[in-house]
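Those letters in the sequence shown? Residues 9 to 643, per the working numbering, in order.
Don't be surprised by glycine CBs; every beta carbon is placed ideally from N, CA and C.
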Amino acid sequence: MAKKEFKAESKRLLDLMINSIYTHHEIFLRELISNASDALDKLYYRSLTENDGMSREDFYIRLTPDKEAGTLTISDNGCGMTAEELENNLGTIAKSGSLAFKQENESKEDIDIIGQFGVGFYSAFMVADHVKVVSKPYGSDEAWVWESDGADGYTLEKGEKKSFGTDIILSIKPDTEDEKFSEYLETYRLTQLVKKYSDYIRYPIRMTVESERVKEGTGTDDKPAEYETFTEDRTLNSMVPIWKKNKSEVTDEDYNHFYQEKFFDYAPPARIIHSSTEGASTYNALLFIPSRTPYDFYSKSYEKGLQLYASGVLIMDKCADLLPDYFSFVKGLVDSEDLSLNISREMLQHDRQLKLIASRLEKKIKSELKSMLLNDREKYEAFFKNFGLQLKYGVYSDYGAHKDLLQDLLLFYSSSEKKMSTLEEYVGRMKEGQKYIYYACGETTDRIDRLPQTELLKDKGYEILYLTDDVDEFALKMMMKFDDKEFKNVSDKDLGLETEEESAESKKLNEDNSELLRFMKEALGEKVTAVRLSERLKSHPVCLSADGGMSLEMEKVLNAMPGAMPDGQKAQAQRVLEINPSHPIFARLQKLFTENTEAVKEYAGLLYDQALLIEGLPVEDPVAFSNAICKLMAE
Ligand code: ADP
Ligand code: MG
Numbered sequence: 009m010a011k012k013e014f015k016a017e018s019k020r021l022l023d024l025m026i027n028s029i030y031t032h033h034e035i036f037l038r039e040l041i042s043n044a045s046d047a048l049d050k051l052y053y054r055s056l057t058e059n060d061g062m063s064r065e066d067f068y069i070r071l072t073p074d075k076e077a078g079t080l081t082i083s084d085n086g087c088g089m090t091a092e093e094l095e096n097n098l099g100t101i102a103k104s105g106s107l108a109f110k111q112e113n114e115s116k117e118d119i120d121i122i123g124q125f126g127v128g129f130y131s132a133f134m135v136a137d138h139v140k141v142v143s144k145p146y147g148s149d150e151a152w153v154w155e156s157d158g159a160d161g162y163t164l165e166k167g168e169k170k171s172f173g174t175d176i177i178l179s180i181k182p183d184t185e186d187e188k189f190s191e192y193l194e195t196y197r198l199t200q201l202v203k204k205y206s207d208y209i210r211y212p213i214r215m216t217v218e219s220e221r222v223k224e225g226t227g228t229d230d231k232p233a234e235y236e237t238f239t240e241d242r243t244l245n246s247m248v249p250i251w252k253k254n255k256s257e258v259t260d261e262d263y264n265h266f267y268q269e270k271f272f273d274y275a276p277p278a279r280i281i282h283s284s285t286e287g288a289s290t291y292n293a294l295l296f297i298p299s300r301t302p303y304d305f306y307s308k309s310y311e312k313g314l315q316l317y318a319s320g321v322l323i324m325d326k327c328a329d330l331l332p333d334y335f336s337f338v339k340g341l342v343d344s345e346d347l348s349l350n351i352s353r354e355m356l357q358h359d360r361q362l363k364l365i366a367s368r369l370e371k372k373i374k375s376e377l378k379s380m381l382l383n384d385r386e387k388y389e390a391f392f393k394n395f396g397l398q399l400k401y402g403v404y405s406d407y408g409a410h411k412d413l414l415q416d417l418l419l420f421y422s423s424s425e426k427k428m429s430t431l432e433e434y435v436g437r438m439k440e441g442q443k444y445i446y447y448a449c450g451e452t453t454d455r456i457d458r459l460p461q462t463e464l465l466k467d468k469g470y471e472i473l474y475l476t477d478d479v480d481e482f483a484l485k486m487m488m489k490f491d492d493k494e495f496k497n498v499s500d501k502d503l504g505l506e507t508e509e510e511s512a513e514s515k516k517l518n519e520d521n522s523e524l525l526r527f528m529k530e531a532l533g534e535k536v537t538a539v540r541l542s543e544r545l546k547s548h549p550v551c552l553s554a555d556g557g558m559s560l561e562m563e564k565v566l567n568a569m570p571g572a573m574p575d576g577q578k579a580q581a582q583r584v585l586e587i588n589p590s591h592p593i594f595a596r597l598q599k600l601f602t603e604n605t606e607a608v609k610e611y612a613g614l615l616y617d618q619a620l621l622i623e624g625l626p627v628e629d630p631v632a633f634s635n636a637i638c639k640l641m642a643e
């Protein structure tokens, strides 16, 4: 029997495919099972049109590993292939009989055939050095045998087969140092692979499995357990995917169980999002928001992504393109009929269909979070504790491109409510004539609450948001405004509180004391850009504030972040030492200035150090600070 060569381009393609399209050899099983499933579908549709009373229950796929012969056989009782079909579909790479079938039957509903790319079959050569296909078309009494060792070509001859369908017989490659091909003859491994990739194939995938059990009549009080091996025929796949079921058929318990098993979480999810769409793209999505933070969530090793299925067959375990970074905590899967099995990662990135799905999911996740915020506040706050940081990073990243989507999902601690508040709620509570949304930064809400800068505002009945995460102020700066109200750091120069009269007064006070203030500034040198009298302080003598865009908090964060500033520069806020003119210390300074300017210099240094301590910043020379205090105490 003469060997036929593969079509010229096929040879090259075969090589390319085996070496580059598939990264994991194990997917050969998924490909062959999907082909079998397609063959069953085709026969089923044909029987529908010809009305010959076949039912889906009659169909199956069977795996038969034979360790002695070193073969793995994948059988189906599907449509089978004629000699011509064997030649056309298997002899030509990138020719898909399934795609043609789909196109011919376009008008029929519910055609859910997987194949359409025409390369899956060749993945068999990744694990087999010889492939034999024995096939008998339904309704024919002729069987044909197609055989090939891979790139050289193939033979095709008449053969024997009892009933219709196809057997794919793989002679598994010998083990190498790098790869144990013999694993594909082990029932545990095959079971595992079916579970992983083909669990939702809608026909039963069967295999005879040997296992052990306790012998009957043993294992009682007076007889110790004896074991016996037995064989049983098992269906390896669960067939109907939970996400294809109608929502009303699935209980919360089912969802929880599915989530915990599939995504290895010991806690049930905080929220379940089950959605299906028809139209421009048809897909089912089943998403979960975890109720706790995965231990590695805020580390580099955490990989975001959703499982991606094409018609119930897993094609990617973590498809990152389906989730934006700010929703990276979402777990789940998408099943689409519009994707092909053999698509590679690179191709997926540019897939229009995938982009469309991703953008719809993004909106869906947003609206689910919003509804959680509105209808189940307690749960939402727990969620925000876990993943709020990610949302705030999302506002800040990409130059604020996602702020509109995310800003109404944010929560910050409110000084007046003493609990978490949305920006919208804050704005709703703003006083008449209030220009700004005030915020203050610090390590903890308690510490912020004691900051001198917050005293006056609170006293006048203004609400302040307390920001305790590093990213917070950066996120607000990126947003600039919310609902047309600008954000204002309580340490900013102008808080918009003073009447014109008051600011004229304050200006005059500063001018009247300009000599003293200038003297103190000079005593402090480069440490500050100015020393100023301030109306914002009530009982405290001093505080630090910053002129310009960079706050003290931002300076701290930027300097702690490697690479945040160009060329190893240090971030430097323009520090201003503010003095409370109504504090007795000021009267003392004025007096000293006329008597002993050396003492004013010392006081300036001490006041500056105190302001640093209040801000939670380190004093530059703690020993000098301590000595200066002791000196004062001893006077
Ligand atoms: P695809 O599945 O994307 O069409 P494959 O390379 O996996 O491409 O398969 C090529 C073609 O071979 C299929 O389209 C189908 O027509 C045919 N084929 C493969 N396996 C079987 C089978 N078990 N029964 C019937 N036809 C098959
Ligand atoms: Mg295929």
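Within the present structure, is the beta-carbon of residue 43 separated from the nearest heavy atom of ligand 2 by less than 6 Å?
-> The answer is yes for residue 43.
In whole angstroms, what is the alpha-carbon distance linking residue 524 and residue 302?
-> Rounded to whole angstroms, residue 524 and residue 302 show a C-alpha spacing of 57 Å.
Does the beta carbon of residue 97 fall short of 6 Å from some heavy atom of ligand 1?
-> Residue 97: yes, Cβ under 6 Å from ligand 1.
For residue 464, collect the residues of the same chain with a Cβ closer than 6 Å to its Cβ; drop the 5 residues on either side in sequence, then sort them by chain order.
-> Answer for residue 464: 544, 546, listed in chain order.
Quick one: complete alpha helix (DSSP H) runs, 4+ long, within the segment 230–303?
-> Restricted to the segment 230–303, the alpha helix (DSSP H) segments that are unbroken, complete and at least 4 residues in length are 260–270, listed in chain order.
DSSP on residue 11, reduced to helix/strand/coil?
-> In the structure shown, the three-state DSSP call for residue 11 is coil.
Going along the chain, which residues of its own chain have a beta-carbon closer than 6 Å to the beta-carbon of residue 198, five neighbours each way excluded?
-> Correct list, in chain order: 71.
Quick one: is residue 460 buried, meaning 16 or more other Cβ sit within 10 Å of its Cβ, or exposed?
-> When all chains shown are included, residue 460 counts as buried.
Which of the three DSSP states, helix, strand or coil, is assigned to residue 171?
-> Reduced to three states, the DSSP call for residue 171 is coil.
Backbone CA spacing between residue 594 and residue 419 [nearest angstrom] | Whole-angstrom Cα-Cα distance: 40 Å.
Sort 476, 368, 327, 469 by Cα distance to residue 400 and report the nearest one.
-> The candidate whose alpha carbon is nearest that of residue 400 is 476.
Could you please give me the residues that DSSP links to residue 188 through a beta bridge?
-> Partner(s): none; residue 188 has no beta bridge.
Buried versus exposed call for residue 39 [16 or more other C-beta atoms within 10 Å across all chains shown] | By the neighbour-count criterion, in which a residue is buried when 16 or more other Cβ atoms sit within 10 angstroms of its Cβ, residue 39 is buried.
Where residue 257 and residue 251 are concerned, what is the direct C-alpha to C-alpha distance, given to the nearest angstrom?
-> Between residue 257 and residue 251, the alpha-carbon positions lie close to 11 Å from each other.
Which full runs of the alpha helix (DSSP H) of 4+ residues lie inside the segment 430–457, going along the chain?
-> Along the segment 430–457, the alpha helix (DSSP H) occurs as fully enclosed runs of 4 or more residues at 431–437, 453–457, listed in sequence order.
Could you check the C-alpha separation between residue 631 and residue 560 for me, to the nearest Å?
-> Distance between residue 631 and residue 560, taken at the CA atoms: about 23 Å.
Distance between beta carbons of residue 283 and residue 372, contact taken as under 8 Å | Yes, residue 372 and residue 283 are in contact; Cβ-Cβ is about 6 Å, under 8 Å.
Could you check what DSSP says for residue 150 in three-state terms: helix, strand or coil?
-> Note: residue 150 maps to coil in three-state DSSP.
Alpha carbon to alpha carbon, how far is residue 275 from residue 205?
-> So the two alpha carbons sit approximately 25 Å from each other.
Under a Cβ-count criterion, where at least 16 other Cβ atoms within 10 Å of its own Cβ denotes burial, should residue 473 be classed as buried or exposed?
-> Around the Cβ of residue 473, a 10 Å sphere holds 16 or more other Cβ atoms; the residue is buried.
Simplified DSSP assignment, three categories, for residue 611 | Of the three classes helix, strand and coil, the one that applies to residue 611 here is helix, per DSSP.
Compare the Cα-Cα distances from residue 510 to each of 138, 432, 535, 542 and report the closest residue.
-> Comparing alpha carbon positions, the residue from 138, 432, 535, 542 closest to residue 510 is 542.
Separation of residue 437 from residue 392, as counted between CA atoms | One C-alpha to the other measures close to 22 Å.
Starting from residue 531, follow the alpha helix (DSSP H) in both directions and report where the run begins and ends.
-> Unbroken alpha helix (DSSP H) run through residue 531: 522–532.
Hey, quick one: how far does the beta strand (DSSP E) through residue 221 stretch, first residue to last?
-> From DSSP, the beta strand (DSSP E) with residue 221 extends over 213–222.
In the structure shown, what three-state DSSP assignment does residue 117 receive?
-> For residue 117, the predicted structure reports a pLDDT of 48, less than 50, and the residue's modelled location is therefore unreliable. A value from the coordinates is still provided. In the structure shown, residue 117 sits in coil (DSSP, three-state: anything other than H, G, I, E or B).
Using DSSP bridges, identify the partner residues of residue 315.
-> 341, per the DSSP bridge assignment.
Residue 248, buried or exposed, once every other Cβ within 10 Å from all chains shown has been counted against 16 = Looking at its Cβ environment, which holds fewer than 16 other Cβ atoms inside 10 Å, residue 248 is exposed.
For residue 164, which of 294, 280, 151 has the nearest alpha-carbon?
-> Ranked by Cα distance from residue 164, the options 294, 280, 151 are led by 151.
Can you tell which of 534, 540, 210, 495 has the C-alpha that lies nearest to the C-alpha of residue 522?
-> Nearest C-alpha to residue 522 among 534, 540, 210, 495: 540.
Can you say whether residue 117 is buried or exposed, counting buried as having 16 or more other CB atoms within 10 angstroms of its CB?
-> Model confidence at residue 117 stands at a pLDDT of 48, short of 50, so the residue's coordinates are unreliable; what they give is reported in the following sentence. Residue environment for residue 117: exposed (fewer than 16 other C-beta atoms within 10 angstroms of its C-beta).
Per DSSP, which residues does residue 428 bridge with? Please list them.
-> Under DSSP, residue 428 shares a beta bridge with 421.
Helix, strand or coil for residue 630, going by three-state DSSP, please let me know.
-> Residue 630: helix per DSSP, three-state reduction.
Just confirm the distance between the C-beta atoms of residue 449 and residue 480, as a whole number of angstroms; I'd bet it's less than 8 Å.
-> Taking a contact as a CB-CB distance under 8 Å, the pair residue 449 and residue 480 counts as one, their CB atoms being some 7 Å apart.
Three-state secondary structure assigned by DSSP to residue 333 = In the structure shown, residue 333 sits in a helix (DSSP, three-state: H, G or I).
Along the beta strand (DSSP E) that carries residue 497, what are the first and last residues, could you check?
-> Note, residue 497: beta strand (DSSP E), 493–497.
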